[in-house]
Every structure is written in C-alpha cells, then in structure tokens.
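**Student:** One structure follows; several queries about it will come next.
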Amino acid sequence: MMKKKSVSARKASLVLFLCQMISALDVPLDSKLLEELSQPPTITQQSPKDYIVDPRENIVIQCEAKGKPPPSFSWTRNGTHFDIDKDAQVTMKPNSGTLVVNIMNGGKAEAYEGVYQCTARNERGAAVSNNIVIRPSRSPLWTKEKLEPNHVREGDSLVLHCRPPVGLPPPIIFWMDNAFQRLPQSERVSQGLNGDLYFSNVQPEDTREDYICYARFNHTQTIQQKQPISVKVFSMDSLNDTIAANLSDTDIFGAKPVTERQPVLLTPTGSTSTKVELRGNVLLLECIAAGLPTPVIRWIKEGGELPANRTFFENFKKTLKIIDVSEADSGNYKCIARNRLGSAHHVISVTVKAAPYWITAPRNLVLSPGEDGTLICRANGNPKPNISWLANGVPIAIAPEDPSRKVDGDTIIFSHVQERSSAVYQCNASNEYGYLLANAFVNVLAEPPRILTPANKLYQVIADSPALLDCAYFGSPKPEIEWFKGVKGSILRGNEYVFHDNGTLEIPVAQKDSTGTYTCVARNELGKIQNEVHLEVKDPTMIIKQPEYKVIQRYGQASFECVIKHDSTLLPTIIWLKDNAELPDDERFLVGKDNLTIMNVTDKDDGTYTCIVNTTLDSVSASAVLTVVAAPPTPAIIYARPNPPFDLELTGQLERSVELSWIPGDENNSPITNFVIEYEDGLHEPGVWHYQTEVPGTQTTVQLKLSPYVNYSFRVIAVNEIGRSPPSEPSEQYLTKSANPDENPSNVQGIGSEPDNLVITWESLKGFQSNGPGLQYKVSWRQKDVDDEWTSVIVANVSKYIVSGTPTFVPYEIKVQALNDLGYAPEPSEVIGHSGEDLPMVAPGNVQVHVINSTLAKVHWDTVPLKTVRGHLQGYKVYYWKVQSLSRRSRRHVEKKILTFRGNKTFGMLPGLEPYSSYKLNVRVVNGKGEGPASPDKVFKTPEGVPSSPSFLRITNPTLDSLTLEWGSPTHPNGVLTSYILKFQPINNTHELGPLVEIRIPANESSLILKNLNYSTRYKFYFNAQTSVGSGSQITEEAITIMDEGKMAMASRQVDIATQGWFIGLMCAVALLILILLIVCFIRRNKGGKYPVKEKEDAHADPEIQPMKEDDGTFGEYSDAEDHKPLKKGSRTPSDRTVKKEDSDDSLVDYGEGVNGQFNEDGSFIGQYSGKKEKEPAEGNESSEAPSPVNAMNSFV
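Sequential numbering of the sequence shown, starting at 17, is according to the numbering used here.
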C-alpha cells in the first residue's frame, strides 16, 4: 500500500514538473530561431466538422499547418485516399493543404458530399485534421397548397400553420404582411418555436387577409414566402345583426355572447413530454395556451430552482431559455397557464446528455534526449467517451514500436526519449453524440541556451516608475535564468525585484541608484550564455514656475510663465494650448523659451491656457485662466455697439444664388469689423433664423448661395469690438425652385438591439436640405462578405428602420439614400454595421494562476473563439475572493473583487492580495450585451509574508533589577510565526543610548521577565515578530526600574533634578520674582519716608531751609501715604529707620553696617546714628542693611 502511494506521488510530481516544463519550452516566435529548430507538424486552421457549403460557389476545404521542415499534405475521402490529381475540378493551394473544388465552372456540389480528412506530414511526424463532413445547403420552394379562409368566432383560439420546407440548415421563420411589416405579437398572439402563429383568443382586429409566413435560408441568403392566409373574425354583435335581418319579429334569435374560458394548452399537447438536450447548448422549452382572458404563463422546476444568471424568459414568458446547460439542469420543468377562471399545466422531463468535452487535452511536449514526459488525454461526456490513441495518424496498436513509449489508458508515458522518439500523437474521445480529436507532438530537441534579446539594449525610465528589462531565451532543457548587476555584482534577489517566467526582470520602483548594467545569464546542461542590458533612470520633468491667473485690460499685454526642470539628458518640448486646442494662428501670440506673451489682448483671448512639457519618457502640464476686462473708457468718447444696418435689397435672383446689399448703421466710435448675414426659411422653419455667412466690415454687398425649395428672408447684424448690433429689418422673401436632394443622411449606423435584428439609424435631412416636397429615404442592406444582392426598402421621412430575423452579430453593408418627388440624391457611401449581440456562449479556458509574491498574482487564460463571443469583444473580467486565511483557518464574509481587462488580453495582474491566504477566482468574457459564463473556480494560495507589528507591548511590575514584558500576537501574522525578537538598551541622563541587547523568544510565549537590570535606569525596548520570510515592523516602549533608597540614589536624583528643564525654568521664575520685589522696595524707599535724623533736623530747623506749605506757597513736610502704617513683623520691606546712601550726604558710611567708632569730619554725627541703632535694633530677624539683590537671594536660600 505504501509503495502504491509513493508511485502515485512520484507520478503526480512528474506530471507537475512536465506541465511546468511544457509551458516553459514553448518555442518563441522568433523568425531566426524558427528557421533553425525542427518541429513536427501542427494543424493551425481547418474547416468545421459539419461544413455546409453554398452549392452555387466553389467549395473551399481548409487545412493549414506549420512545421520545420514545412509539411506536405494529403487527403482521404470517406475513409480512402483522395487522389487530387485525378480530379480536374479539385486543386490544392500552393504551400498549403487547402482544397478548392471548382463548382462555378461546371462542377456539382452534390458530387462532393462526403467525409474528408487532411494529413500534414514531415520527417518528425504527421498531424491529422478532424473529419470534415461536406454537405451543400438546400433551400427548397414551398409546396403549393390551397388555403381556405379561416372563419373564427370572437374569443376562440386559432393556430396558423407555417410548415416551412425542410432546408439545410433549417430556415428562420417570421410572419409579416404584404407591406413587409412584422405582425405585432403579444401575450395573446405569438409565434411558436415551430414557426406556427398562435392566437390564445381572437379579436375583431385580427381580421386581415395577409398573414404571410416567411422562411429565410441564411446560407444562401434566400427568402421563401408562403401564400397569404386569410382570417375573418365574427363578433357577437355583427352575428346578432345578421341573424336579426333574416328572421321575423316573432322569431327568437340571438347568438351567445363571448364566453370566458379557462386555459387549455395548445402546445405541447397532453400532460407530459420529454426533451433531450446536449451539455453546453441552449435549452428551449415552450408552452402556449388558449383561454379568455389571455392566460399568463409561469415556469417552475420541480424539486429545485431555475438556475440563476442562465435563465431567460422569451416570447412573453411562453418560452423558457436556459443557456449553457449542464447535467445538473436535468429534471422536470412545469409550465402553468392561468387566468381568473382556472389553470392548466404541462410537465417536460429534461435529460441533459453530453458530447465529449475536454478535462485535460494533450499538450505538445518539447523534451531533451534522456528526459521523461507524459501525454495526458482526459475527456468526459454522457455517456462516458471512449479514449483511443493514434501515432502519426495510425492507430497506436499497429504503429511502429517505440521502446520509450508506454500507453496506459488515457496517458502515454515516455521514458529516456531519443530524437527518433519525435512524433505527433492523436487522442480521439468519442461517444454517440460526437467526438474530439486533438494533436499533440513530442519534439525531442537538444539545444544549448540562446538569448534572443539584443545585446547592450538600452532601457530608459523615469525615477519612481517600473523598469522592465527583457531576457527572451530558449533552450532544451529549459535554461535557468539569473540576473546580476554590474561587472562583479552578486545575484539579484529580494522583494525589490520581480522575476518573470519569460526571463524579464522587473524593478517595480526604479530609483537613481538603479542605473547601471544588468547581466542576464541563461544556463542548462548543454551550455551557458549571457547578455548585458543597460538601464538609465532619469529625473522626472517638473514645472517649477507655473502660469498664474491673469486679469488684463483689453488691448493690454498678458504673459504666462512655464519654467521647467528636467533631466539634462532629455530634450523637452513645450506646447501651449488655449482651451485644450492649438493657439490661434495670430502674430499677437509670441511663444518664448519658457513663456507665452499675448499682445493687444481682445475679448476672444479669454480662456484657459495650458503649458504641456513633453519628453520621450514623461509629460507634465499646468494651466491658468486669462480674463480680459474692458479698459476704463475715456470720458470724452463713448463706445457702443453699432446701430443695425437698414435698407436691405435683393438683386440678381437666380436658382441657386442672389445678391444682398445694405446700408450700415452708425458705428458709435468703434469701427465695424464684420457683418453677419442670417436667413429664415419661411417654408420649413418660420420664425427661426440661421447663420448664413459673414463679410468684412468694409463690404456692404454679398453674393449668397441658395438651396432649392426654400422661402428665404435675410437680415444683417453689424459687429464691432464692443459687440453685436440688433438685427436689421428682414429683407423681402425669395422662394427657390425644387430640385433633387444634394446630399444624403449623415451618421448612418447599424446596431442591433436584439440578437435577431439590425437597427439602421441616420440623421434626417433638415427641411431646407430636402430640396423639394415628398422627402423619403431608400434604405439598403446586405450581409458583408457574402455575394448577395442588396435588399432595399423606401421609408417615409423617419430616422430608423429595423431589419428583423437576422443572424446574431454578423456584419452588414448599409447605405441610406435620400429622394423626393423630383428624384434621388447622389449614390450614398456604404457603412458597416452589425446585427444584434447576444451573451457570450463559452467561458475562457485553461485558466492558470502564477503567484508572484505574497501580495501579487498573475492570472492567464485562453481567449475564447471569436465566433462564440457573439458581439464586440470588450474584454475579460476576473472575479476573485479570499476564501480563508491559512494561519487562522477562519472563514469570513466573502467579498468578491472584480478586475476588468480591456481588449483581447490573455493575462492580468491581481494586486493587493493578503499573504498566506487561500483565494478563488474565475474569468468571464464580456461583450456589449453583457458577461458570458464563468470559468470553473480556480483555487490558489499566497505564500507567507512578514507579519504586522505585535498588537501591544506592556511593561509592568518594575523592581530594582527587573521588568515584566507582556505582548499580544500580531493582528495580521501573514504566515506561521517562528519567534519574537526583543531588543533593548539603556538611556542615560543626557538621553544617549547604551549598548543594544537582542533576545529571541519562542513564538508561543506571551510574556517575559527581564532580570539583572540596573536600578533607577530608563530602558528603551524594540519588539517585533518573525515568520520564515523575515521580520515584521516593530513596536517600541520605554520603562524605568525602581530607584534605590541609598545616598547614591539620592545624589543621582539631585543631579537628575538639576538637569531637568522644568526645574531650571522654576528657578528662573523665582529669581525673576525676587528681582521684581527688590525693584518695588527701591521705589518705595525713594519716596522719602520718616527716619530719626529727619526728626532731629525738624527739631533744629534751619530757617533758610524750612519747607513751604502748599496752602501759602511754602514747602511742607513730605510724607508717603503709608508712612504711618505699622510694619508687619518679619516683613522684608526696609524699616523707616534705614536710610540709603543716596538719601543723604551726611555720612560716607552705610548705616546698615552697624559699625561703631568710625569717624568722619563730624564725629557727633556718626555717634547719633550709632547710638540710635544700639537703642532700637531692627524688628524681628530683619537685617538693617540696605536691600540688595545678593542679600535678598542669600536670605531666601
């Protein structure tokens, strides 16, 4: 058992390896390389399996193939060799396998009905085409039949049978009247899938004689018409009148009134029926019911729901349409017809079978001698298809033996292949509903590496933009690609580079230091080769001085600046635009190196001016608005708009021209610059004036061109720099003669509004363009690329015509020609339109996802065949969504994202993915109608990435030498966490960082106690998580250990406090406050309060210096208002016993020093002060010295 598992695992890994190798060894379409490499044949183009041809034209059976050497071609017909040389009507195109059967020169298409198969062969193998069944199309005539008129009572049901002739392919049926107008259809009247016209109940308005069924055979572009069918509906009122006219007054008469009836199914009949449909086709189920009132149809699926997004209701819900059916759509479908009287129902049992379809189609193998490989051919169907293999077109059982080949059911295993093992293998999967045939070659090549990118190729990009350096290569085995930068640089790795499978090196954000020489090295076991390319990263172009908004007076000068800064190696070009268009061709506009100057500005110069700077690599622009205002008027001159012209006169009247003359009005001090002539068409648009022409202000006559069938009146408007005059009075009227139209409608378009119609629209001619009465249009159309006659119809003066019953989305040639009662306009030009689009039929196949990194993936898909798009291909949509995170295994609400890729692209990038997650995606093709079916969901996973920062970091329980750290795991682990990294370092008093310590912590831990730390020390911590990819972003935190209570800690604290900014600021504030207090004290002392010496002087007053009192003009004693207030104990204000030096010149000694025995010239003077101080010491502990800032500071401290 274990052995089987290991073998299966080896097979799976081998298949995966070979699939990777196959895609990698696709031979590049390099002409030089293709000329040198041998390759088995590959069928590139062939006719469809069921090929219906036009019996009137030559039959072209396509078979194109490529290979090296070029292949030769042969054909079989009905299983036997078809000798082309023996049939003069059949030729093969040169260098091709395509057959041309000459029917137009006497051949009969019926003689070439059969099954054809093409074989393309060269020395490396043989590829075969599908079996191509050739059948000529048939469009037989309607069989003649005698049709009796249908007489129906009002309210009864009616079925008009079409019974079209059997054609190949079957015709398209539609009902019209004799005027080629589609018969209106509704819930009451509608056409069935078989072409019959059903009336749920007839009404009097249904009476008509021209119910005509048409059958259109698209292949031969012919339409067959059934004979008209007559329907006569008798109403109850008319029937009663008829009876009354033929009976006497005594007779009892009267038809029954219209009675309401409950629903009865007209089709299908019975209560049940069955339907078989093939997988991928469109399932159409129909129920049409009779009844009065008209029944309403409703559809349900028994035991299930109708499939969403694939279910459509047509023909007023009488037809249920399910597109792209699968086996899951099998079951019972019930239609219910209901009106207010009752209901009827029918059950259709649907069985979905399946022709073979691919699960894994075989793919070409390019191998090296001695390598192994496999061809896998897996298909499914209902019933399950039978798989058979052929080698070079021969059943593999009778093909030449190859010892390296072993067939195992749907797989061919190759071991140790050699060059002679090259061959083309065919896989045939078939059941009763069809077959699939696929060619896949095994090409054994031994080729050393080759680099196809030219040597020394130069790439130039702008900084901060992506750079893509190519290294196209080929080799067998597939070479390994490595990139180096510089001559001796190391191999390039890391997230800043993206390495593509095709060898391209991508630098997502190129910087200036990315400039340099890059070397691409390709190596396999047969050799090694390298190539150098060069990258130059240029500085971006910038506008460093942009144009600014300007308001300029009329006739002034405006100037806009556009100063740029650019890479010195790039040559910029500067273009100026006005209102996003080229500058006017006017010599007033002067374009300088970095500015634009407008001389003599006028009102027309108003607008937005844009400076555009282009280099070969980038483009920038800047805009500014110019507003022109009127200059201040000169008081002596009044400028105004001119007065209107007058005295208009028409002369020289001809069929297509007339001369108009006038007299100008007063110009009002501003010269008339031009005259504008307008006309009125009194016949088609009375009261509406149109622009005709304008002439210079010096001209007062003009020759006017006229159109036929117009009743002209003219008026003239004068224009000067100020503005326009009022219009003149109208001229006399002049009616021109009728003529053929000169022109055809414009803007002719053909766009289908439904899958089976073509809506032709055009812009109708205006009244005067008709050139005469009876304007109509001839609408013509024919299918493009089909040799067919034009179909034409003449319609009234409208602007739309609908062509019904067209095939879905085919090109048409269209033309619309005007005509009137006098004849036709010139032959119109043809335009190409398309009939209506329908939703795409198939989903993109071979969806592959290549994960580039943890947040970016690239998705590839195969384009769908254009014929299945059924419309204008607009692009592809990729739906993708996250299924779950691989690290948490928790599902969440699915939010689908959509990316649209325009055009016929086959790949796209999916950005913004979450690392280490599982995603699903599918791809859909989009046309003008909408989206096609989704491809099967593709599952892919993104690799691990770096985690986000831990959710939190807390530091608790500080001690003298330890701290406890607690943390939370990252919110986005982006993978499997391997560990946490803790780094920390001390911070000293001057905020300098100490040595960094790093600790690695297991991923399952959530806390840690750090020991042996220094007391009273601040630490800074850096903490982050790691996955196998690398470290995530870090979170930081700071903490302090507890301080010691010893002296050292206290001293450290004092030093710490002394260096703190808040403490220094506090000390400065205190010093400033003390200084203010001292200044206040000095001011108070200068006011002269009382002191003992002054009392002595008062007692021995000198008559010469006695103060006078204010009342009598003498000086009185000066005293401060606060001299008599007692001093508070402990106050720092000097007492009034203290005298400052500058208050008296009596002593050279400061009194506050308290020095005894010091003499000056007058010893008694000093003795008085000394004695006073001894007897009356200072109050409290206050010093007797004069206050000073130094003493005050010392006292405070």
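C-beta atoms are modelled at their ideal positions from N, C-alpha and C, and glycine is treated no differently.
Checking the sheet assignment: what are the DSSP bridge partners for M108?
**Tutor:** Bridge partners of M108: L115.
**Student:** Please classify V1171 as buried or exposed, where buried requires at least 16 neighbouring CB atoms within 10 angstroms.
**Tutor:** The predicted position of V1171 is uncertain, since its pLDDT is 38 and thus under 50; a value taken from the coordinates is nonetheless stated next. V1171 is exposed by the Cβ-count criterion.
**Student:** When the Cα atoms are used, what is the spatial distance from Q890 to D772?
**Tutor:** When rounded, the distance between both Cα atoms is 20 angstroms.
**Student:** Quick check on G409: buried or exposed, where buried means 16 or more other Cβ atoms within 10 Å of its Cβ?
**Tutor:** Per the 10 Å Cβ criterion, buried.
**Student:** What does S342 pair with, by DSSP beta-bridge criteria?
**Tutor:** S342 pairs with nothing; no bridge assigned.
**Student:** On a Cα-Cα basis, can you pick out the residue from V106, P56, I738 and Q55 that is closest to Y571?
**Tutor:** The shortest C-alpha separation from Y571 is found at I738.
**Student:** Would you check if the segment 433-446 and the segment 395-413 touch, i.e. whether three or more CB-CB distances between them fall below 8 angstroms?
**Tutor:** Yes, the segment 395-413 touches the segment 433-446.
**Student:** Taking only three categories from DSSP, how would you classify L1143?
**Tutor:** Note on L1143: pLDDT 36, under 50, position unreliable in the model; the coordinate value appears next. Three-state DSSP puts L1143 in coil, outside helix and strand.
**Student:** For S1186 and L1093, what's the separation of their Cα atoms in angstroms?
**Tutor:** For S1186, the pLDDT reaches just 35, beneath the cut-off of 50, and the residue's location in the model is therefore unreliable, although a value from the coordinates is still provided. Rounded to the nearest angstrom, the two C-alpha atoms are 29 angstroms apart.
**Student:** Check for me: the alpha helix (DSSP H) holding F1098 runs from which residue to which?
**Tutor:** Per DSSP, F1098 belongs to the alpha helix (DSSP H) from G1077 to N1102.
**Student:** For D66, does the three-state DSSP call read helix, strand or coil?
**Tutor:** Three-state DSSP puts D66 in a strand.
**Student:** I'd like to know whether the C-beta atoms of A305 and S216 end up nearer to each other than 9 angstroms.
**Tutor:** Contact: yes.
**Student:** Residues in the same chain with beta-carbon distance under 8 angstroms from R886, minus the five sequence neighbours each way, listed in chain order, please.
**Tutor:** Cβ within range, chain order: P771, T824, F825, E853, D854, L855, P856, M857, N943 and K945.
**Student:** Quick check on I189: buried or exposed, where buried means 16 or more other Cβ atoms within 10 Å of its Cβ?
**Tutor:** Label assigned to I189: buried.
**Student:** Can you name the residues that DSSP bridges to C443?
**Tutor:** Answer is W405 and A454, bridged to C443.
**Student:** Give the straight-line distance between the Cα atoms of Q476 and Q546, rounded to the nearest whole angstrom.
**Tutor:** When rounded, the distance between both Cα atoms is 21 angstroms.
**Student:** Report yes if the CB atom of P742 is closer than 9 angstroms to the CB atom of P660, and no otherwise.
**Tutor:** Against a cut-off of 9 angstroms, the Cβ pair of P660 and P742 comes out as a contact.
**Student:** What is the DSSP secondary structure of G95, reduced to helix, strand or coil?
**Tutor:** In the structure shown, G95 sits in coil (DSSP, three-state: anything other than H, G, I, E or B).
**Student:** Quick check on Y15: does DSSP put it in helix, strand or coil?
**Tutor:** The shown model of the chain, from 17 to 1213, leaves out residue 15, and the question about it has no answer.
**Student:** How would you write the range of the beta strand (DSSP E) that T717 sits in, first residue to last?
**Tutor:** Looking at the DSSP string, the run of the beta strand (DSSP E) that includes T717 is T717 to K721.
**Student:** Measure the C-alpha to C-alpha separation of P416 and I497 and round it to an integer number of angstroms.
**Tutor:** Straight-line Cα distance between these residues: approximately 39 angstroms.
**Student:** Can you check whether the CB of E960 is closer than 9 angstroms to the CB of Y996?
**Tutor:** Their beta carbons are not under 9 angstroms apart, which means Y996 does not touch E960 by this criterion.
**Student:** How is Y132 classed by DSSP in three states: helix, strand or coil?
**Tutor:** Y132 falls in the strand class under three-state DSSP.
**Student:** Measure the C-alpha to C-alpha separation of L1082 and Q1050 and round it to an integer number of angstroms.
**Tutor:** Rounded to whole angstroms, L1082 to Q1050 spans 38 angstroms at the Cα level.
**Student:** Can you tell me where the alpha helix (DSSP H) with L882 in it begins and where it stops?
**Tutor:** From DSSP, the alpha helix (DSSP H) with L882 extends over L882 to V885.
**Student:** Measure from the alpha carbon of Q105 to the alpha carbon of each residue in N121, W91, A1019 and G113, then state which is nearest.
**Tutor:** Closest by alpha carbon: N121.
**Student:** What are the start and end residues of the beta strand (DSSP E) that includes V674?
**Tutor:** Residues S673 to I679.
**Student:** With C-beta atoms as the reference, is Q442 less than 9 angstroms away from N455?
**Tutor:** Contact: yes.
**Student:** Going by DSSP, which residues form a beta bridge with C303?
**Tutor:** Answer is none; C303 lacks a bridge partner.
**Student:** Taking the beta strand (DSSP E) that T807 falls in, what are its first and last residues?
**Tutor:** Taken as a continuous stretch (DSSP letters only), the beta strand (DSSP E) holding T807 covers T807 to V811.
**Student:** For W877, count neighbouring Cβ atoms within 10 angstroms of its own Cβ and tell me buried if that reaches 16, exposed if not.
**Tutor:** Result: buried.
**Student:** Ignore the nearest five residues each way along the sequence and tell me which others in S1047's own chain have a CB closer than 7 angstroms to its CB.
**Tutor:** Correct list, in chain order: V962, I997 and N1040.
**Student:** Taking the alpha-carbon positions, what's the F500 to N511 distance?
**Tutor:** Looking at the two C-alpha atoms, the distance is approximately 15 angstroms.
**Student:** In whole angstroms, what separates the C-alpha of V607 from that of T613?
**Tutor:** One C-alpha to the other measures close to 6 angstroms.
**Student:** Pull up the distance between the alpha-carbon of Y895 and that of E552, whole angstroms please.
**Tutor:** Cα to Cα, the separation comes out at about 38 angstroms.
**Student:** Pair every Cβ in the segment 560-579 with every Cβ in the segment 711-731, then say whether three or more of these pairs are closer than 8 angstroms.
**Tutor:** Judged by Cβ distances under 8 angstroms, the segment 560-579 makes no contact with the segment 711-731, as fewer than three pairs qualify.
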